[in-house]
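Colleague: Before we start, here is the structure in question, set down as structure tokens.
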Amino acid sequence: AQSVTQLDSQVPVFEEAPVELRCNYSSSVSVYLFWYVQYPNQGLQLLLKYLSGSTLVKGINGFEAEFNKSQTSFHLRKPSVHISDTAEYFCAVSDRASAGGTSYGKLTFGQGTILTVHP
Amino acid sequence: NAGVTQTPKFRILKIGQSMTLQCTQDMNHNYMYWYRQDPGMGLKLIYYSVGAGITDKGEVPNGYNVSRSTTEDFPLRLELAAPSQTSVYFCASRPITDSAEAFFGQGTRLTVV
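Residue numbers (my numbering), protein chains in the order written: chain A, 4 to 122; chain B, 75 to 187.
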């Protein structure tokens, strides 16, 4: 079984300030990690994903995330936010395929973090 | 390229009514999913399909049914609508590559009164 915890339900920040959105996960198997963004009244859009290799992953719109295996975390960061970054952000995991099997890509989501950027 | 298309975008149902939420994708993806999104709860998996004719339950399947007669279409059926089914519903698809990301539709906002 998997679980994903986003530690902050709401994060208010001023424009051009840095921001970090925190995500911890729990899983008995190896996972892939994703951050999705949802702008108001829209679907989810992929920001970035961690598959393997370098633990620092760069995504779209200047976001990046760092995978920390020992702390089972995948925090999302941006050094300078813009008004247009106001949205809800979701951390998600899916199982890696095991030998002879597949995970079918089912996603387990965190509760979401609403980022509000103020002028 | 339309991606994942959901219809309708909004719907109000009375308790006990039934309806079908439509989802179609034009990316030839084998895997398709239905999630519901409730405030502060993230998204929960209702049903998923790994190909035409193959469906399986997710985390919260009660009160819903699905079918997958073609690769492109994956409709979600509510038989007897209940207030607990008031939610935003998202359809998603992805290729079978293990590490691939899912592509989401714009969502259907359903209110049951």
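Quick reminder that beta carbons are idealized off the backbone N, C-alpha and C, glycines included. Nothing here was measured: the structure is a model prediction, and the numbers come from that model.
1) Could you tell me which chain A residues have their CB closer than 8 Å to the CB of B/Arg168, listed as they occur along the chain?
2) Classify B/Ile86: buried if its beta carbon has 16 or more other beta carbons within 10 angstroms, exposed otherwise.
3) Are at least three pairs of beta-carbons, each pair with one atom in the stretch 76-90 of chain A and one in the stretch 12-23 of chain A, less than 8 Å apart?
4) Between which two residues does the beta strand (DSSP E) holding A/Ser30 run?
5) Below 7 Å between beta carbons: does that hold for B/Glu175 and B/Thr98?
6) For a contact meaning CB atoms closer than 9 Å, what does A/Ser12 contact in chain B?
7) B/Ser123: buried (16+ other C-beta within 10 angstroms of its C-beta) or exposed?
8) Distance check for A/Ala4 and A/Arg25, CA to CA, integer angstroms please.
9) A/Leu10 bridges to which residues according to DSSP?
Modeller: On the basis of the coordinates in this document:
1) On the second sequence, position 94 is the one that residue 168 of chain B refers to. Within 8 Å of the CB of B/Arg168, the CB atoms of chain A belong to Gly108, in sequence order along the chain.
2) Translated into positions along the second sequence, residue 86 of chain B becomes position 12. Exposed: under 16 other Cβ atoms inside 10 Å.
3) Taking one beta carbon from each stretch, the stretch 76-90 of chain A and the stretch 12-23 of chain A have 3 or more pairs nearer than 8 Å; the two touch.
4) In the first sequence, the residue the question calls residue 30 of chain A occupies position 27. That run of the beta strand (DSSP E) goes 26-30.
5) Counting from one through the second sequence, the residue named residue 175 of chain B turns up at place 101. Counting from one through the second sequence, the residue named residue 98 of chain B turns up at place 24. Taking a C-beta distance under 7 Å as the contact criterion, B/Glu175 and B/Thr98 do not qualify as a contact pair.
6) Position 9 of the first sequence, counted from the first residue, corresponds to residue 12 of chain A. The answer, in chain order, is Gly114.
7) Your numbering for residue 123 of chain B matches position 49 in the second sequence. Counting Cβ neighbours within 10 Å, B/Ser123 comes out buried, since at least 16 surround it.
8) For this step, residue 25 of chain A is matched to residue 22 along the first sequence. For this step, residue 4 of chain A is matched to residue 1 along the first sequence. Distance between the alpha carbons of A/Arg25 and A/Ala4 is about 21 Å.
9) If you number the first sequence from 1, residue 10 of chain A lands on position 7. For A/Leu10, which the question treats as bridged, DSSP gives no partner whatsoever.
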